[in-house]
Structures are given as C-alpha cells and as structure tokens.
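Take 1 as the starting number for the sequence shown in UniProt numbering and just add one per residue. Note that the Cβ used here is the ideal one computed from N, Cα and C, for glycine as well. Nothing here was measured: the structure is a model prediction, and the numbers come from that model. Since the structure comes first, as structure tokens, the remarks are kept for the end.
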Amino acid sequence: MTPVVSLRGVRVAHQGRTVVHAVDLDIQRGSWFGLVGANGSGKTSLLKALAGRLPFSGGACLIGGEDMIADRAGRAEQFGFAPPADRLPDSLRASEMLAFVGGHLDRVRRNLGPLRQALGVDPLLDQWIGNCSAGMKQRLAIAAAFAGGQKLVILDEPFNWLDPVAIFDLRLALRQMVDDGLTLITALHDLHALVVACDDGLILANGKKRIDLSHGMLRDAAVAPSLFEKEMIDILRAGAAE
Numbered sequence: 001m002t003p004v005v006s007l008r009g010v011r012v013a014h015q016g017r018t019v020v021h022a023v024d025l026d027i028q029r030g031s032w033f034g035l036v037g038a039n040g041s042g043k044t045s046l047l048k049a050l051a052g053r054l055p056f057s058g059g060a061c062l063i064g065g066e067d068m069i070a071d072r073a074g075r076a077e078q079f080g081f082a083p084p085a086d087r088l089p090d091s092l093r094a095s096e097m098l099a100f101v102g103g104h105l106d107r108v109r110r111n112l113g114p115l116r117q118a119l120g121v122d123p124l125l126d127q128w129i130g131n132c133s134a135g136m137k138q139r140l141a142i143a144a145a146f147a148g149g150q151k152l153v154i155l156d157e158p159f160n161w162l163d164p165v166a167i168f169d170l171r172l173a174l175r176q177m178v179d180d181g182l183t184l185i186t187a188l189h190d191l192h193a194l195v196v197a198c199d200d201g202l203i204l205a206n207g208k209k210r211i212d213l214s215h216g217m218l219r220d221a222a223v224a225p226s227l228f229e230k231e232m233i234d235i236l237r238a239g240a241a242e
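Right, here's the structure in full:
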C-alpha cells in the first residue's frame, strides 16, 4: 500500500541550527499516526514543516505521491492544522474565527462531524475568544484544524488543557473520523494515549528518529503497557543524553 505521506531524509532548521535530522516516516491513508518525544525533541518543528508553516531544509516530502518539499503553500493547502490555542485572535468571536477558516459556518459544522459535540463547539460560537478559558481555546484550536474539511489533519498535543471527560470524548470522535477515512497525525507526550489511540507512530529524540512504532508493536503494548512505557522512557532518556 502506497503511503499518503512519505518523508525521506527530511531536515528542519531553526535560527540556523538543524533541529530535525534526516527523518524518514510513512503514514498510511485513513490511519492515526502518533509522534512522541520529549520537549525540544523536534516534533513540533517537524509537524510545522509538514504543514507548510516552516520550510524543510532538505530531503523529500511526498504527499499523495508528489514531492512537495519545496512547496510550502501546497503543503499548507493539504493539511488541516491546529493553531496554538494561546495565539487565537482575542478580538474575534469563535464563530467568526471558524468561519474565516472554513468559509461558512454551516460548512464548518458539517466538516466537524462528531467533533462538534465532542468539543462542545455550539455553546462557544458566540463567545469572544479573549474571554475563553485555556480549555475552551484548545477546543476551538482543534475545531479550526477541521473547519476547512481537509482529509489530512495535524494536531500538536491535542489533549493539553482538556479535562478527562473532554479527552475521552475527543479521542472517541477522532477515532471515528479516522475509521471513516481521515488521516490524522498527532504529536503526543502521553504514551498511554499513543497506545490506546494510534495505529502507528514514531519516537523522536534530539531531532532524530529513535524507533518506528508499528501497528503490531502498539497492539502488543496495550497488553503490557507498563513494560512498553519503561522501554520507551529508556529510549527517550538515551536519546536526550546524546
């Protein structure tokens, strides 16, 4: 099966310093891919580059079989991408922000699908973003990633700032959308979320790939989560020490 996203030897630089080093990965269409690493491991930079918010400084980035390594605008069109929740425009109502991304509020509602209820979007629509709590802003940032209706979506730490009920509801809604054909890429800190939610994944440390996490590995991890957690923590510690 041909991956919908394939990275080969990609590099990302920030302020003249390489922060992602020659990473390879493949993501299958209609799957949930989890990217795990400590703070400063390069996962946010990698996802921003994939979504066209940063340039790649080398390698190949194939999306649907087309190399888009030099086409930042093209990559940005391909992916729904959640903006940082703390950078949403305070001076807009939630409905205005989502309509700006999705074109029309009715279209946004359709594109959100099960996320509309899971995120509790409707009660937020008339709220000024500046008056929203951190959790509310996180819900809106996630909704913004889906407002445009792209079939490829990137979320960076989507469960931050959410309470346990919201995390559970969001995870189920995202799983439903993936099962219906969405390709979802998430950066995660929580190894439990990786095991219970993702189909495949990758561990990053110091901007380098440490291990590919196959579907089989994650299913085995669900049987012995404590052992898996210790093994992954050991890998992260070793990578951070280099």
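Problem - Distance between beta carbons of residue 183 and residue 275, contact taken as under 8 Å - result: Since the first and last residues shown for the chain are 1 and 242, residue 275 lies out of range.
Handout entry: Presumed contact (8 Å Cβ cut-off) between residue 12 and residue 56, rounded CB distance
Key = The C-beta separation of residue 12 from residue 56 comes to about 6 Å, placing the pair in contact by the 8 Å criterion.
Practice task
Identify which residue in 26, 187, 27, 10 has its Cα closest to the Cα of residue 19.
Solution key: The shortest Cα separation from residue 19 among 26, 187, 27, 10 belongs to 10.
Handout entry: Straight-line Cα distance separating residue 126 from residue 24
Key = When rounded, the distance between both Cα atoms is 43 Å.
Handout entry: Distance between residue 87 and residue 158 (C-alpha atoms, nearest Å)
Key = Spanning the two alpha carbons is a distance of roughly 15 Å.
Exercise for the section: Taking residue 213 and residue 202 to be in contact with their CB atoms under 8 Å, please state how far apart those CB atoms are, rounded to whole angstroms. Expected result: Contact flag correct, Cβ pair sits at about 6 Å.
Practice task
Leaving aside the five residues before and after residue 312 along the sequence, list all residues of the same chain whose C-beta is less than 8 Å from its C-beta, in chain order.
Solution key: Within the shown structure, residues of the chain are numbered from 1 to 242, placing residue 312 beyond reach of any answer.
Handout entry: Alpha-carbon spacing of residue 172 relative to residue 104, whole angstroms
Key = C-alpha separation (whole angstroms): 26 Å.
Problem - Exposure of residue 2, with buried meaning 16 or more beta-carbon neighbours within 10 Å - result: With fewer than 16 other CB atoms across the displayed protein chains lying within 10 angstroms of its CB, residue 2 is exposed.
Practice task
Report the option in 120, 192, 65 whose CA atom is closest to the CA atom of residue 6.
Solution key: That would be 65, whose Cα lies nearest to the Cα of residue 6.
Exercise for the section: Since I believe residue 83 is in contact with residue 144 (beta carbons under 8 Å), could you give me their beta-carbon distance rounded to a whole number of angstroms? Expected result: Right, their Cβ atoms sit about 6 Å apart.
Problem - Exposure label - residue 209; buried when at least 16 CB within 10 Å - result: So residue 209 ends up on the buried side.
Exercise for the section: Please report how far the alpha carbon of residue 8 lies from the alpha carbon of residue 62, in whole angstroms. Expected result: Approximately 8 Å between the Cα atoms of the pair.
Exercise for the section: Could you check the C-alpha separation between residue 15 and residue 215 for me, to the nearest Å? Expected result: Rounded to whole angstroms, residue 15 to residue 215 spans 36 Å at the Cα level.
Exercise for the section: Any chance you could list the beta strand (DSSP E) runs of at least 3 consecutive residues sitting entirely within the region 37-83, in chain order? Expected result: If we require 3 residues or more, the beta strand (DSSP E) runs fully inside the region 37-83 come out as 58-63, 79-81.
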